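*Asks:* Under our numbering, the first residue of the sequence shown carries the number 24, and numbering increases by one thereafter. Cβ atoms here follow ideal geometry from the backbone N, Cα and C, with glycine treated the same way. Quick caveat, the model's predicted, so the values are computed rather than measured.
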Amino acid sequence: MVLKKCRNCGAFISSDAEFCSSCANNYDYNKTILKGYFDNGMGNDSIPTISSATGVSPSLVQKYMLDNNYIDANGLEATSFASLPY
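1) As an exercise, report each continuous alpha helix (DSSP H) stretch of at least 4 residues that is fully enclosed by the segment 43-69, in chain order.
2) Can you grab the Cα-Cα spacing for the pair Ile73 / Asp90, in whole Å?
3) For Val79 versus Asn48, is the C-beta spacing smaller than 8 angstroms?
4) So what does DSSP say about Ile73, is it helix, strand or coil?
5) Which first and last residues belong to the alpha helix (DSSP H) in which Ser82 is found?
6) Rounded C-beta distance between Leu26 and Ser37? I'm assuming under 8 angstroms.
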């Protein structure tokens, strides 16, 4: 059995998953919140505004927007939200 750390919280897990079950559930919940936000037509805001309105971290908002083609990766500034603590 191989142990590895969760990419988010650092807890040890013994599966092939990248995240522990708690972080995976939290990640899925936040994606559901963002999906609802964008489905309601409120997607023309900035990343900090969306984060403030939904309570989802700016780095996850940015990742969600990139994954769903709401923003272009080439158009992002050099200062990413990925390094901001939330």
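*Replies:* So, to answer that:
1) Secondary structure within the segment 43-69: the alpha helix (DSSP H) runs of 4 or more consecutive residues, fully enclosed, are 44-62 (chain order).
2) The straight-line gap from Cα to Cα measures roughly 16 angstroms.
3) Here Val79 is not near Asn48, since their CB atoms are 8 angstroms or more apart.
4) Residue state, collapsed to three classes: helix.
5) Note, Ser82: alpha helix (DSSP H), 81-90.
6) In this structure Leu26 touches Ser37 by the C-beta definition: roughly 5 angstroms separates them, less than 8 angstroms.
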